[in-house]
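Visitor: First residue of the sequence shown? That's 732 in the numbering used here, and the numbers climb one at a time after it. Idealized CB from N, CA, C, for every residue including glycine. Note that the structure is a prediction, hence the values are computed from the model and not measured.
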Amino acid sequence: MCLANLFASACLPELEKCAASFVQQKSSASFFTLELEVHKHLQAFGDQIVEACLREALGDAEFIAQCIQEYRAKGYRMQTRNKQTTVQLYGGRIATVPTVYMLPARKNAKRKGRGRHGRLGKGIYPVLKKLGIAHHASPALQHETTLSALNNPFAEATESLSRHGVAISEKRVRTLSERVGQRALEARATELEQFQAGLLPPGEAFAGQRVVIAMDGGRICTRRPKKGRMKSGQKRQGFHAEWREPKLLTLYAIDEKGQKRKRDIRPYYDGTHGGRERFKLLLKMSLHKMGVVKAEHAIFIGDGAPWVWNIVEEIIKELGLKPEAVTQILDYYHVCENFWKVLDALSGLTLKQKRRRYKKAKTQLLQGQIEILIERLGQRAKGQADALHALRYFHGHEARCRYDIFLRQNLPLGSGAVESAIRRVVNLRLKGAGMFWLEHNAEAFLHLRCQLKTGRWDHFFQCLISP
732 MCLANLFASA CLPELEKCAA SFVQQKSSAS FFTLELEVHK HLQAFGDQIV
782 EACLREALGD AEFIAQCIQE YRAKGYRMQT RNKQTTVQLY GGRIATVPTV
832 YMLPARKNAK RKGRGRHGRL GKGIYPVLKK LGIAHHASPA LQHETTLSAL
882 NNPFAEATES LSRHGVAISE KRVRTLSERV GQRALEARAT ELEQFQAGLL
932 PPGEAFAGQR VVIAMDGGRI CTRRPKKGRM KSGQKRQGFH AEWREPKLLT
982 LYAIDEKGQK RKRDIRPYYD GTHGGRERFK LLLKMSLHKM GVVKAEHAIF
1032 IGDGAPWVWN IVEEIIKELG LKPEAVTQIL DYYHVCENFW KVLDALSGLT
1082 LKQKRRRYKK AKTQLLQGQI EILIERLGQR AKGQADALHA LRYFHGHEAR
1132 CRYDIFLRQN LPLGSGAVES AIRRVVNLRL KGAGMFWLEH NAEAFLHLRC
1182 QLKTGRWDHF FQCLISP
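#1: Let me confirm a value: K748 is counted as buried when at least 16 other C-beta atoms fall within 10 Å, else exposed. Which label applies?
#2: On the DSSP bridge assignment, give the partners of Q819 in chain order.
#3: Out of S759, H866, R824, R1187, which has the shortest C-alpha to C-alpha gap to K771?
#4: Based on Cα-Cα distance, which residue from E976, E1055, Q1115, L1144 lies nearest to K674?
#5: Output needed for G1145: all residues of its chain with C-beta closer than 6 Å, excluding positions within five of it in sequence on either side, in chain order.
#6: What are the residues that DSSP puts in a beta bridge with H971?
#7: Measure the CB-CB distance between A1056 and H1028 and report whether it falls below 8 Å.
#8: Judging by CA-CA distance, which residue of L1014, I1060, V1024 is the nearest neighbour of I1032?
#9: Restricting to runs no shorter than 4 residues, where is the alpha helix (DSSP H) found entirely within the segment 1028-1106?
#10: Please state the DSSP three-state secondary structure of M946.
#11: Strictly under 8 Å for the Cβ-Cβ distance: is K1025 near chain C by that measure?
#12: Secondary structure at G846, three-state DSSP: helix, strand or coil?
#13: If you follow the beta strand (DSSP E) that T1003 is part of, which residue opens it and which one closes it?
#14: When you compare the CB positions of Q968 and P977, do they come within less than 8 Å of one another, or not?
#15: Applying the criterion that 16 or more other CB atoms from any shown protein chain within 10 Å of the CB defines a buried residue, is T1003 buried or exposed?
#16: Whose CA, out of L773, V831, F970, lies closest to the CA of Q800?
#17: Comparing C-alpha positions only, which one of V942, G1165, H1126 sits nearest to G1109?
#18: DSSP beta-bridge partners for R994?
#19: Measure the CB-CB distance between L1142 and T1058 and report whether it falls below 8 Å.
#20: Rounded C-beta distance between I1030 and V943? I'm assuming under 8 Å.
#21: If the criterion is Cβ atoms closer than 8 Å, does the pair A788 and L862 meet it?
#22: Determine the burial state of S1151: buried for a count of at least 16 other Cβ atoms within 10 Å of its Cβ, exposed for fewer.
#23: Please list, in chain order, all residues of the same chain as V897 whose beta carbon is under 8 Å from its beta carbon, the five residues on each side excluded.
#24: Which of helix, strand or coil does DSSP assign to Y1134?
#25: Within the same chain, show all residues whose beta-carbon is closer than 7 Å to that of R1180, passing over the 5 residues directly before and after it, in chain order.
#26: Could you tell me whether the Cβ atoms of D947 and V1149 are closer together than 8 Å?
#27: Following the continuous beta strand (DSSP E) through I799, name the residue where it begins and the one where it ends.
#28: Are Y1134 and G1099 touching if we call contact CB-CB under 8 Å?
#29: Below 8 Å on the Cβ atoms is my contact criterion, and I expect F753 with F762 to pass it. Report the Cβ-Cβ distance as a whole number of Å.
#30: The alpha helix (DSSP H) that contains K1020, what's its start and end?
#31: What is the DSSP secondary structure of I985, reduced to helix, strand or coil?
#32: N882 by DSSP, collapsed to three states: which one?
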């Protein structure tokens, strides 16, 4: 059906019926029904328009030839020009369309046997791919389905989509969002390879800015299937559940007063479960891609975890950051917390005396008297193993506790930004009672939620669907 005829035969009769029903009986209930029915019919009509436009694109000989030529250059060969396939549109309508189907070129002209062959054996629909259609779903359906799944458990995401007129099953929601996540991880892996090869151009987002770099770890429960055969009578294979620590990084710019610049420069988050070296590579690539290597001032903030500061020292050397343009800050609130642990472990002091000393210690910290505090507490803690053990937290961090200097420079003293990011990115969706994740899905959703919580989701998705 051409677009002109489609507009002429629109869902006007149904809309007229809805309006007439409201005119006959005016009430809050009838007006509510009117709104829902009108939007429902218009959404269905929207799917018809989109399908008509899709069929027109699939019949454009010049556009088809361009797509074929592009994928032949990538090593694909023609299989058929009219393979029937289905595309589910945003409103739930399923369109069956004929389109070009191509396969990877055979190596050494050897024909492959039947069956699945992995990535090298998968064919593609070049015209549909050019339009952003993947996994038999339109771009808008992929976008909204994944967005809903990132914000809610899959069952709730399905219900929410249904209420907004998107007819889709829970299994389909899970499948689409997981596949979008895997494509995102593949895109990030490509960027990491380019960075390691020196082919990734440096970014400019944070160039010339005062940038805060913070990192910390969270907690996600992952599941790993048990090996071996299922026991007789079992309905499903068991699994091993284990807690993993996803490491998260945050980058954000601050102004001369030390306030976050949210409106003109968005913060940047990313994270991984891949261990220390994987996280270090991801952090280096992020600093390069976001232009932090060209920043006026790089401020690293973290708690006392050894892995944080070991990575910071290595990255400063490997990226060639100028020492005068780098400041390292040990989180003031973690320092205060650990000072209390030392005082609490000291014997011979009443609770009132401990509180008085703690209050005085916080003031001395802000005055930059960290060495004096450590020396006095060390003398007081002699022979007390618990107090001496708690005091080890500060060893090697004296230069990172010069809060008098940091205050004069209007620098942040705490790592609350990364702790907030962990709560928003990890805890509110990926961590919960009875919630288990396969490792690759946890990694994918962690990466996607980082884009979502920094306001980069729409742009990120558009880049992801571009061939």
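Guide: For this structure:
#1: Locating residue 748 in the sequence shown gives position 17, counting from the first residue. The residue is exposed, with fewer than 16 neighbouring Cβ atoms inside 10 Å.
#2: Position 88 of the sequence shown holds residue 819. Within the DSSP secondary-structure output, Q819 pairs in a beta bridge with I825, A868.
#3: As a working mapping, residue 771 is identified with position 40 in the sequence shown. Distance check between K771 and each of S759, H866, R824, R1187 places R824 closest, using alpha-carbon atoms only.
#4: The displayed coordinates of the chain run from 732 to 1198. Any statement about residue 674 would go beyond what the structure contains.
#5: Within the sequence shown, residue 1145 is the residue found at index 414, counting from 1. Here the set comprises D1062, Y1063, Y1064.
#6: Translated into positions along the sequence shown, residue 971 becomes position 240. According to DSSP, H971 bridges with R955.
#7: Translated into positions along the sequence shown, residue 1056 becomes position 325. Translated into positions along the sequence shown, residue 1028 becomes position 297. Result yes, Cβ atoms of A1056 and H1028 sit closer than 8 Å.
#8: Taking the sequence shown and counting its residues from 1, the one referred to as residue 1032 is at position 301. Ranking the options by Cα distance to I1032, first place goes to I1060.
#9: The segment 1028-1106 contains these whole alpha helix (DSSP H) runs: 1037-1049, 1063-1076, 1082-1097.
#10: Looking up residue 946 in the sequence shown gives position 215. Strand at M946.
#11: Of the protein chains in this structure there is only one, and it is not chain C.
#12: Counting from 1 along the sequence shown, the entry for residue 846 is found at position 115. Only weak support exists for where G846 lies, its pLDDT of 48 falling under 50; the coordinates are left without a value.
#13: Start at 1 with the first residue of the sequence shown, and residue 1003 comes out as number 272. From DSSP, the beta strand (DSSP E) with T1003 extends over 999-1003.
#14: Taking the first residue of the sequence shown as 1, we reach residue 968 at position 237. Taking the first residue of the sequence shown as 1, we reach residue 977 at position 246. The beta carbons of Q968 and P977 sit no closer together than 8 Å.
#15: As a first step, residue 1003 is located in the sequence shown; it is residue number 272 there, counting from the start. Flag for T1003 reads buried.
#16: For this step, residue 800 is matched to residue 69 along the sequence shown. For the residues L773, V831, F970, the minimum Cα distance to Q800 belongs to V831.
#17: Within the sequence shown, residue 1109 is the residue found at index 378, counting from 1. Answer by Cα proximity: H1126.
#18: The sequence position of residue 994 within the sequence shown is 263, counting from 1. Residue pairing by DSSP places R994 opposite no residue, since no beta bridge is assigned to it.
#19: Sequence index remark: in the sequence shown, residue 1142 carries index 411 (1-based). Sequence index remark: in the sequence shown, residue 1058 carries index 327 (1-based). For L1142 and T1058, yes; Cβs fall inside 8 Å.
#20: Taking the sequence shown and counting its residues from 1, the one referred to as residue 1030 is at position 299. Taking the sequence shown and counting its residues from 1, the one referred to as residue 943 is at position 212. At roughly 5 Å, the Cβ-Cβ gap stays under 8 Å, so I1030 and V943 are in contact.
#21: Here residue 788 refers to the residue found at position 57 of the sequence shown. Here residue 862 refers to the residue found at position 131 of the sequence shown. Contact flag set, yes.
#22: Locating residue 1151 in the sequence shown gives position 420, where the first residue counts as 1. By the 10 Å Cβ count, S1151 comes out exposed.
#23: Residue numbering aside, residue 897 sits at position 166 when the sequence shown is read from its first letter. Around V897: Y821, G822, G823, L872, E875, T876.
#24: On the sequence shown, residue 1134 is found 403 positions in, with the first residue counted as 1. Y1134 falls in the helix class under three-state DSSP.
#25: As a first step, residue 1180 must be located in the sequence shown, where it is residue number 449. Scanning its chain for C-beta atoms nearer than 7 Å, with the 5 sequence neighbours on each side dropped, one finds around R1180 the residues L881, V1156, R1160, in chain order.
#26: For the purposes of this step, residue 947 is taken as the residue at position 216 of the sequence shown. For the purposes of this step, residue 1149 is taken as the residue at position 418 of the sequence shown. Result yes, Cβ atoms of D947 and V1149 sit closer than 8 Å.
#27: Locating residue 799 in the sequence shown gives position 68, where the first residue counts as 1. Per DSSP, I799 belongs to no beta strand (DSSP E); it is in the alpha helix (DSSP H), 792-803.
#28: Here residue 1134 is taken as the residue at index 403 of the sequence shown, counted from 1. Here residue 1099 is taken as the residue at index 368 of the sequence shown, counted from 1. A contact, by the Cβ cut-off of 8 Å.
#29: Walking along the sequence shown from the start, residue 753 turns up at place 22. Walking along the sequence shown from the start, residue 762 turns up at place 31. 6 Å between Cβ atoms; contact.
#30: What you label residue 1020 is simply residue 289 of the sequence shown in a count that begins at 1. Its alpha helix (DSSP H) spans residues 1006-1020.
#31: To locate residue 985, count along the sequence shown from 1; it is residue 254. The answer is strand: DSSP assigns I985 an E or B state.
#32: Numbered from 1 along the sequence shown, position 151 holds the residue referred to as residue 882. Of the three classes helix, strand and coil, the one that applies to N882 here is helix, per DSSP.
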